[in-house]
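One line per chain: the protein sequences are A and B, in this order. Residues are numbered in this note's numbering as their position in the first sequence, beginning at 1, plus a constant of 980. Residues are numbered in this note's numbering as their position in the second sequence, beginning at 1, plus a constant of 14.
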Amino acid sequence: NAGVTQTPKFQVLKTGQSMTLQCAQDMNHNSMYWYRQDPGMGLRLIYYSASEGTTDKGEVPNGYNVSRLNKREFSLRLESAAPSQTSVYFCASRGTAGPEAFFGQGTRLTVV
Amino acid sequence: AQSVTQPDIHITVSEGASLELRCNYSYGATPYLFWYVQSPGQGLQLLLKYFSGDTLVQGIKGFEAEFKRSQSSFNLRKPSVHWSDAAEYFCAVGAYTGTASKLTFGTGTRLQVTL
């Protein structure tokens, strides 16, 4: 009963390094999302994917890229990390039963 | 554009007391509304949701919320708070955009429970 799985759970990067955050869901959901959570700002949508093969920008896409590898997996890439990208990143997915999203446990990223 | 306002950043209540967390939304049509709870270091768990119909909705852990269209509000309530309810609570409004829906979140209310 995994739901939405994110890896890694914690990561420290140096400014300018790159990395990819992985997300996989086993609920056969069509839509997947990446959010970032910052203190006092709630969750802000970075990118989303309505279905396999499609991706769209959300509210704060600058500095990120995404890949919807298949129906299960949706990755988020930071090409050149900046301290402003220090945040907790959440992946979520949604099925056709309703617009509520199901969330992973998050990735805590620190850029120094 | 859709938006959510949670006016209370931090609330402290005594165990056993009643709780009401406020949420106001802005949305152009009938909204889809949600409350999520986040325990420290955890992801977000859905407490309850409103799509249509009865404006008082029941959720998990004894929570309920009431949709008031005239006030653009969707406040979360619990008659008697338990220490384990200490967490951060997020209100969200959802829209359908094509085949995807996007959830817009409020900034959250952190609940502290005193014994």
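Each residue gets a CB set at the ideal place from its N, CA and C atoms; glycine is no exception. What you are looking at is a predicted structure, and each value in this text was computed from that prediction instead of being measured.
Endpoints, the beta strand (DSSP E) within which residue i is located
i                  : result
LYS82 of chain B   : 78 to 82
THR1000 of chain A : 999 to 1005
VAL1040 of chain A : VAL1040 of chain A -> no beta strand (DSSP E), and no H or E assigned at all.
GLN126 of chain B  : 123 to 128
VAL27 of chain B   : 24 to 28
LYS75 of chain B   : Element bounds for LYS75 of chain B: n/a, residue is neither H nor E.
TRP49 of chain B   : 46 to 52
ASP68 of chain B   : Segment: none, ASP68 of chain B is in no beta strand (DSSP E) and carries neither H nor E.
LYS92 of chain B   : 87 to 92
Residue i, buried or exposed, once every other Cβ within 10 Å from all chains shown has been counted against 16
i                  : result
THR118 of chain B  : buried
GLU1059 of chain A : exposed
THR21 of chain B   : Here residue 21 of chain B is Pro; the residue named in the question, Thr, does not match the sequence. Exposed, because fewer than 16 other Cβ atoms sit within 10 Å of the Cβ of PRO21 of chain B.
THR123 of chain B  : buried
ASP99 of chain B   : buried
LYS1037 of chain A : exposed
LYS75 of chain B   : exposed
PHE990 of chain A  : exposed
Residue-chain proximity (residue i, chain A), Cβ-Cβ < 9 Å
i                 : result
LYS92 of chain B  : no
ALA126 of chain B : Checking the displayed sequence, the identity of residue 126 of chain B turns out to be Gln instead of Ala. Judged by the 9 Å Cβ criterion, GLN126 of chain B is not in contact with chain A.
ILE74 of chain B  : no
VAL71 of chain B  : no
TYR41 of chain B  : no
SER87 of chain B  : no
Beta-carbon proximity list for residue i, same chain, < 6 Å, skipping 5 on both sides
i                : result
LYS63 of chain B : PHE48
7 Å CB neighbourhood of residue i in its chain, flanking five on each side removed
i                 : result
THR19 of chain B  : ASN38, GLY120
GLN59 of chain B  : TYR50, VAL51
LEU129 of chain B : GLU29, TRP97
PHE65 of chain B  : TYR46
Cutoff 9 Å: residue i Cβ touching any chain B Cβ
i                  : result
SER1011 of chain A : yes
PRO1079 of chain A : yes
ARG1052 of chain A : no
TYR1044 of chain A : no
MET1021 of chain A : yes
Cutoff 8 Å; reference residue i; Cβ partners in own chain excluding five residues on either side
i                  : result
GLY983 of chain A  : GLN1005, ASP1006, MET1007, PHE1082, GLY1084
SER1029 of chain A : SER1011, MET1012, TYR1013, THR1035, ASP1036, VAL1046, ARG1048, PHE1054
Worksheet item: Quick one: any contact between the stretch 995 to 1015 of chain A and the stretch 1076 to 1089 of chain A, if contact means 3 or more CB pairs under 8 Å?
Response: yes
Fill in: At least three beta-carbon pairs within less than 8 Å, the stretch 93 to 113 of chain B to the stretch 36 to 55 of chain B
yes
Worksheet item: Should the stretch 1056 to 1073 of chain A be regarded as contacting the stretch 30 to 50 of chain B, the criterion being three or more beta carbon pairs within less than 8 Å?
Response: no
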